[in-house]
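To keep things clear, I will list the structure first and then write my remarks on it.
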Amino acid sequence: MDATKKQDVRIGFYICHCGSNIAAMVDCPAVARYVEKLPGVVLSRDYKYMCSDPGQELIQKDIKEHQLDRVVVASCSPLLHEHTFRAAVEAGGLNPFFFHMVNIREHDSWVHTNKVEATEKAKALAHAAIQRVAKHKSLEVKKVPIHPDVLVVGGGIAGIHAAMTMANAGKKVYLVEREPSIGGHMAKFDKTFPTLDCAACILTPKMSEVGSHPNITLLTYSEVAKMDGYVGNYTVTVKRKPRYVIEDQCTGCQECIANCVYKEPKFHDEFNEGLGKRKPVYIPFPQATPQVVAIDPKVCLNFRNGVLTDKCKKSCVTACGEKKAIDFTQQETVQDIKVGTIIVTTGFKTFDAKRVPQYGYGKFPNVYTALEIERLVNASGPTAGHVVMRDGREPKSIGIIHCVGSRDKKTNRWCSRVCCMYSMKLAHLLKEHTGAEIYSFYIDMRTPGKGYEEFYDKLLEEGVHFIRGRVGEVTDWAMSPEEEGKLVIRVEDTLAGYVRRIPFDMVVLATGMEPQADAQDVRRMFNMSCGSEGFFLERHPKLAPVSTFTEGIFIAGACQGPRDIPDTVAQAGAAAAEALALIDKGHIEQEPNTAFILDDECCGCKSCIPLCPYTAITFDESKKKATINEALCKGCGTCVAACPSGSIVQNLFDDEEIFSEIDGVLAHD
Amino acid sequence: MTTYSYFPGCSLKGIGRAYEESLLPVFQALDVKLEELEDWNCCGATAYMAVDEVKACVMASRNLAMAEKLGHKEMIAPCSACYLVLNKTKHYLHESPAVRGVIEKALADVNLTYNGNTPVRHPLDVMVRDIGLDEIKKRVKRPLTGLKVAAYYGCQIVRPYATFDDQYNPTTMDRLLEALGCTLVPFPLKTRCCGASLTGTLPEPGLLCSKIILAEAIKRGADVIATVCPLCQFNLDGYHDKIAAKWNDCRIPTVYFTQLMGLAFGLDERQLGLHRGFVAMKPWSAQPAAAAVPA
Amino acid sequence: MTSEWNPRLVAFFCNWCTYTAADLAGVSRLKYASNVRVIRLMCSGRVDPQFILDALAKGADGVLIGGCHPSDCHYVEGNYKCLRRFQLLKRMLSDMGIEEGRVRLEWISAAEGEKVKTVINEMTATIKQLGPLGMPAKFEEWDKEMEHFAAAVHAQEAQKAPCAEHAQLQETAHV
């Protein structure tokens, strides 16, 4: 420790051109020449790509040839390549923490426009790093065992696929789903684009596999309430909502539904987007997994305002008979689960079409959302696949409006990626079911996928009319006799160059994808970040697309951004593979940035103890001194900053290192 | 008693005088005082705005500066064109240092300053959001039960600044008129163009705009069109003969929402300027007597 | 070198939100003033008030601290601890005659690259108006004054050393 106090270090400095990414704005050789003269520097080089193999080998060679004991690399963000260079330094025979990285790309060359100023900034940052690295100490990476079980949050196609992959690899998986059945949005679809295979036919076998897989514990009608711990050792509290049916005893015979005191279904059916009705005791859809009914206390006669009154004659209980599956006394329960990794696949919400009042959703009964049409054309939907409108008529002409709640500054700016394709799919299906004239109103036709453009060609041949223009309004105001009683779409046909009015029987709104309403709560619970639009943020868009900023927590599917089924499944597989890679390694390597107490200097004031959110600091009554449990410490450094006697030290961020960095950034002007 | 500064603008003293004639007694009945700006000038709308936007803003800003000097918290501008230009000027003052520079210099020349205070409000907004429908309901002496109204908002109070209502489907006036006892007919052309100043320059498309609105109101079964803007009222009321000659007869009275309020408050029809319309509203007192509200 | 004076800003950014936001600003190629020097810490809770004072003493004209938004802290509540200290420090700074705009605490989430740009540009503009803080020069001046003063005292002591006067002088020196 004393050795580092003296300036007898041998530092090697490397500045990366990053092709022209850095070199175009920072004079790299000039920075190298400047650094060469700083105390402790024995070698200073500039090189085209430091992160390349030759770049890393250069460091390793120099460490040996020039007996370097410290290395500084000025290149991109440490969040990207700190790990790479630490590994290179270690391969060169040094402790990997005798290294420091300077960010002159994201924080310098990419954000400035004056080469002189950018170069000066690079010099100042490099100077700071040189001063700092001299104070670095040799540290050991801590290895913590990893719990092999996995939690998957959300049982849509992403969660189903991730859970199956992990379970097939022999891991024990908990799959938590908020609704009474898994399946998510995909279960509501009729067909999938561009192959037009039946969504249920490809999804439901996977659903039942999940339901019967020995390695999967399915927790439906449940939500994650809390998460504690750290990578490899998470404790998750799952809240199980009462469905008033004992899952293990229900066989899915549905006798209770047939015998409910309500002879006819009369309540809003969520699965059918309200187009159908269900009874208070129900199974969301025929292939629901698990095949277990649920009772809705909001409408069941045995409850009043959700409180049990026991006033119904309970014909359902009689019908259930010996199975005794119905239990009106069920309460919400909580369950703690221990897992090592978590995959979040909470999906999306469809855009609320009422937010675009000019399209008349909610005002005109014959304006539908795309998801409603999915149910309407579905053979197991509320009309058994017969397309009839809310007024009982069959549509002879249908207008489909793209980009509702997408690519619009007033609502959501992003492209929802799936709407062009699903609109064409619906156009095809509606034409098949009704023979109606179909118009599709688009801004740009986006078909970037395997077989997607070909699908568009097919639709053109089928005679669907495509009009390029953002629709102005949907109105029931008739300007001519043929518009009477119709919904009129007013649109600027930007290819023909004039404003058109086209009357329709039915209008379909291709609503976009949004983050779930509670995405912010979920984000906080799992310690993730969100992008500005509210989708979960990946660690790196290209290099770590399913990782988050919290180790051991992965994301997949539309919770990370709008995407279609093929991409979602691919991502779910990727998330599962990342989780498996962590688990199969058997241990987690933790950044040694934990804090410790200098016993001789601690005066026992206890100021630090309440500051630690992880209760890592305790007071040793015998010694009258604080102690830090290294296993619990997560390395934030809050206690270090608060200690009045300066007796807490944070590895990698100790006072002396930071002060020398401050000194360094200001030493050069 | 709440007091607002009041910027009438040219219309309310001329062609739209029925608007002022009804606005003032209605506010009085609601115990709200309006203090007219002294020596106000043109708001800068229409032709000025089209020819030299910055100069138009300079004109508007003089009114804003005087309102600020007058010291009441907010200013009411009943004409939609004034309302828009004054708000647009405030917007530019806030967003564009260049425009702000020109305006500040011009104001300094006449010893005025403007600090961006004094919001400019539309009376419809003040009625519903400041005074409130409950307060208004209390003043109704003669509910307009059975009167079928098409609420027509025009463009300028919702575009581009939709400060108090939805840009595409405003409902403030609908709620207000409902509180007076009126029946609102569903009216999809609420914010469609009335023809604006086109009627003066390119009569045919201008007249067509007016005709579309009138015909639709009749088709929807309205007895009367209610409006918030003197230009809309003029366009919809002023060209019935020409419209009849060109297409078909679309006679339906167009009145200010404040006139309907005055009527419901039991004020005198002549005082409210209801006789001024080319197509006059049938005297309400002649309608089958509506049940009086118990005091 | 540009002739115009550019203030020197030192920034302490937390690893999880603000540092990442600054990376995002880079990836988005946003452009902002080049006079900021970012020091990465794991959490804004690690910001010791001494870091800020040290930066000012060593010649920074302003200091920016960036942390996660309230209730978004990666370490649960480090940002609140930072805020608490910042409030106390602000009072001290104003007592020292350091203008309010020179030291700022901002919550910038990982998605707010745009905010990094705005805050840095705003701070640069504010401090340009305030002018250089010049603490190192002031320290030098004060040191000189003290040396001069000490020399004067020594000289007086050597001359006659009357006890009363000496005591009085010492008192003045302590004020």
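Chains as they are written, first to last, in my numbering: chain A, 1 to 669; chain B, 1001 to 1295; chain C, 2001 to 2175.
A virtual CB, placed ideally from N, CA and C, is assigned to each residue, including glycine.
When you compare only the Cα positions, how much space is there between E461 (chain A) and G392 (chain A)?
Translated into positions along the first sequence, residue 461 (chain A) becomes position 461. Translated into positions along the first sequence, residue 392 (chain A) becomes position 392. A direct Cα-to-Cα measurement between E461 (chain A) and G392 (chain A) gives close to 30 Å.
Taking only beta carbons into account, state which residues of the stretch 454–478 of chain A come closer than 9 Å to chain B, listed in chain order.
Correct list: E473, T475, D476, W477, A478.
Could you spell out the range, first to last residue, of the beta strand (DSSP E) harbouring H587 (chain A)?
In the first sequence, the residue the question calls residue 587 (chain A) occupies position 587. Counting along the chain, the beta strand (DSSP E) containing H587 (chain A) begins and ends at 587–590.
Given this structure, state the Cα-to-Cα distance separating D600 (chain A) from S622 (chain A), to the nearest angstrom.
Counted from its first residue, the first sequence places residue 600 (chain A) at position 600. Counted from its first residue, the first sequence places residue 622 (chain A) at position 622. In a straight line, the C-alpha of D600 (chain A) is about 14 Å away from that of S622 (chain A).
Considering only residues of the same chain and omitting the five flanking positions on each side of K143 (chain A), which have a CB-CB separation below 8 Å?
Taking the first residue of the first sequence as 1, we reach residue 143 (chain A) at position 143. So the qualifying residues of the chain are H587, I588, E589, Q590.
Given that C201 (chain A) touches chain C, what residues does it touch there, using C-beta distances under 9 Å?
Position 201 of the first sequence, counted from the first residue, corresponds to residue 201 (chain A). Chain C residues near C201 (chain A): none, gap ~39 Å exceeds 9 Å.
If F98 (chain A) and R132 (chain A) are in contact, beta carbons under 8 Å, what's the gap, nearest whole angstrom?
Translated into positions along the first sequence, residue 98 (chain A) becomes position 98. Translated into positions along the first sequence, residue 132 (chain A) becomes position 132. The Cβ separation is near 11 Å, so there is no contact.
Which of the residues in the stretch 418–438 of chain A, read from start to end, lie with their CB under 8 Å from any CB of chain C?
Cβ contacts with chain C: none found.
Suppose the cutoff is 8 Å on Cβ atoms and the five residues either side in sequence are ignored; what does the same chain contact list for M2146 (chain C) look like?
On the third sequence, residue 2146 (chain C) is found 146 positions in, with the first residue counted as 1. Nothing listed; no residue qualifies.
Using only the alpha-carbon positions, how far apart do P1008 (chain B) and Y1083 (chain B) sit?
For the purposes of this step, residue 1008 (chain B) is identified with residue 8 of the second sequence, where counting begins at 1. For the purposes of this step, residue 1083 (chain B) is identified with residue 83 of the second sequence, where counting begins at 1. So the alpha carbons of these two residues sit roughly 10 Å apart.
In chain order, what residues of the same chain lie with their CB nearer than 7 Å to the CB of D2 (chain A), ignoring the 5 residues before and after it?
Reading the first sequence from its first residue, position 2 is the one you call residue 2 (chain A). Any reading at D2 (chain A) must be qualified, since the residue scores a pLDDT of 42, below 50, and its modelled position is unreliable; the value itself is stated next. Counting only Cβ-Cβ distances below 7 Å, and skipping sequence neighbours, we find nothing.
Given F1278 (chain B) as reference, the closest of B:S1011, B:I1015, B:Y1004 once Cα atoms are compared
What you label residue 1278 (chain B) is simply residue 278 of the second sequence in a count that begins at 1. The residue from B:S1011, B:I1015, B:Y1004 with its alpha-carbon nearest to that of F1278 (chain B) is B:I1015.
Partners in chain C for P613 (chain A), counting only beta-carbon separations shorter than 9 Å:
Within the first sequence, residue 613 (chain A) is the residue found at index 613, counting from 1. Residues of chain C whose Cβ lies closer than 9 Å to the Cβ of P613 (chain A) are, in chain order, C2073, Y2075, V2076, E2077, G2078.
DSSP has N233 (chain A) in a bridge; who is on the other side?
To locate residue 233 (chain A), count along the first sequence from 1; it is residue 233. Answer by DSSP bridge pairing, in chain order: A:Y230.
Quick one: what does DSSP say T165 (chain A) is sitting in, helix, strand or coil?
Counting from one through the first sequence, the residue named residue 165 (chain A) turns up at place 165. Note: T165 (chain A) maps to helix in three-state DSSP.
Option in A:V42, A:S20, A:R278, A:A124 with minimal Cα separation from V665 (chain A):
As a position in the first sequence, residue 665 (chain A) is number 665, starting the count at 1. Restricting attention to A:V42, A:S20, A:R278, A:A124, the CA atom closest to the CA of V665 (chain A) is found in A:A124.
Leaving out five residues on either side along the sequence, give the residues of the same chain with a beta carbon under 8 Å from the beta carbon of N689 (chain A).
The shown model of chain A, from 1 to 669, leaves out residue 689 (chain A), and the question about it has no answer.
In or out: C260 (chain A) buried (at least 16 other Cβ within 10 Å) or exposed?
Indexing the first sequence from 1 puts residue 260 (chain A) at position 260. Using a 10 angstroms sphere on the CB of C260 (chain A), the tally of other CB atoms reaches 16 or more, which defines it as buried.
Grouping DSSP H, G and I as helix and E and B as strand, with all else coil, what is G12 (chain A)?
Along the first sequence, one-based indexing puts residue 12 (chain A) at 12. DSSP places G12 (chain A) in strand when its eight states are reduced to three.
Compare the C-beta of P357 (chain A) against all C-beta atoms of chain B and say whether one is closer than 8 Å.
Position 357 of the first sequence holds residue 357 (chain A). True, the Cβ-Cβ gap to chain B drops below 8 Å.
Below 8 Å between beta carbons: does that hold for L1272 (chain B) and S1080 (chain B)?
Reading the second sequence from its first residue, position 272 is the one you call residue 1272 (chain B). Reading the second sequence from its first residue, position 80 is the one you call residue 1080 (chain B). No; because the gap between Cβ atoms is not below 8 Å, this pair is not in contact.
Given a limit of 9 Å on CB to CB distance, which residues of the stretch 1161–1176 of chain B reach chain A?
Correct list: D1166, Q1167, Y1168, N1169.
Counting contacts by CB-CB distance shorter than 8 Å, is H17 (chain A) in contact with chain C?
Here residue 17 (chain A) corresponds to residue number 17 of the first sequence, with the count starting at 1. Cβ-Cβ to chain C under 8 Å: no for H17 (chain A).
Could you tell me which residues DSSP pairs with N103 (chain A) in its beta bridges?
Translated into the one-based positions of the first sequence, residue 103 (chain A) becomes position 103. Per DSSP, the beta-bridge partners of N103 (chain A) are A:S75.
Whose C-beta lies closer than 8 Å to the C-beta of D1166 (chain B) among residues of the same chain, with five residues either side of it excluded?
Position 166 of the second sequence holds residue 1166 (chain B). Counting only Cβ-Cβ distances below 8 Å, and skipping sequence neighbours, we find V1158.
Using 10 angstroms around the beta-carbon of N1111 (chain B), count the other beta-carbons present and answer buried if the total reaches 16, otherwise exposed.
Within the second sequence, numbered from 1, the residue matching residue 1111 (chain B) stands at position 111. So N1111 (chain B) counts as exposed.
Between which two residues does the beta strand (DSSP E) carrying P503 (chain A) extend?
On the first sequence, position 503 is the one that residue 503 (chain A) refers to. Run containing P503 (chain A): 498–504, per the beta strand (DSSP E) assignment.
Quick check on the burial criterion: 16 or more other C-beta atoms within 10 angstroms. Buried or exposed for L2088 (chain C)?
Start at 1 with the first residue of the third sequence, and residue 2088 (chain C) comes out as number 88. Per the 10 Å Cβ criterion, exposed.
Residues of the stretch 1189–1200 of chain B in Cβ contact with chain A at a cutoff of 7 Å, in chain order, please.
Per Cβ criterion, the list reads L1189.
Can you tell me the Cα-Cα spacing of T165 (chain A) and P145 (chain A), whole angstroms?
Indexing the first sequence from 1 puts residue 165 (chain A) at position 165. Indexing the first sequence from 1 puts residue 145 (chain A) at position 145. Rounded to the nearest angstrom, the two C-alpha atoms are 22 Å apart.
Which residues bound the alpha helix (DSSP H) around V2153 (chain C)?
Translated into positions along the third sequence, residue 2153 (chain C) becomes position 153. 2135–2159 is the extent of the alpha helix (DSSP H) around V2153 (chain C).
Applying the 10 Å Cβ sphere with the 16-neighbour rule, what's the burial state of G399 (chain A)?
The residue given as residue 399 (chain A) occupies position 399 in the first sequence. By the 10 Å Cβ count, G399 (chain A) comes out buried.
Measure how close the beta-carbons of C1194 (chain B) and L1260 (chain B) come, nearest whole angstrom, since I'm counting them as under 8 Å.
Within the second sequence, the letter at position 194 stands for residue 1194 (chain B). Within the second sequence, the letter at position 260 stands for residue 1260 (chain B). Contact check for C1194 (chain B) and L1260 (chain B): beta-carbon distance about 18 Å, past the 8 Å limit, so the pair fails to qualify.
By the 7 Å beta-carbon criterion, what residues does the stretch 106–119 of chain A contribute toward chain C?
Cβ contacts with chain C: E106, H107, W110, V111, H112, T113, N114, V116, E117, A118.
By how many angstroms is the C-alpha of F2012 (chain C) removed from the C-alpha of L38 (chain A)?
Position 38 of the first sequence holds residue 38 (chain A). Position 12 of the third sequence holds residue 2012 (chain C). Going by the C-alpha atoms only, they are around 24 Å apart.
Top-ranked residue by Cα proximity to E1035 (chain B), from B:A1280, B:E1068, B:G1044
Residue 1035 (chain B) sits at position 35 when you count from the first residue of the second sequence. Here the closest residue by C-alpha is B:E1068.
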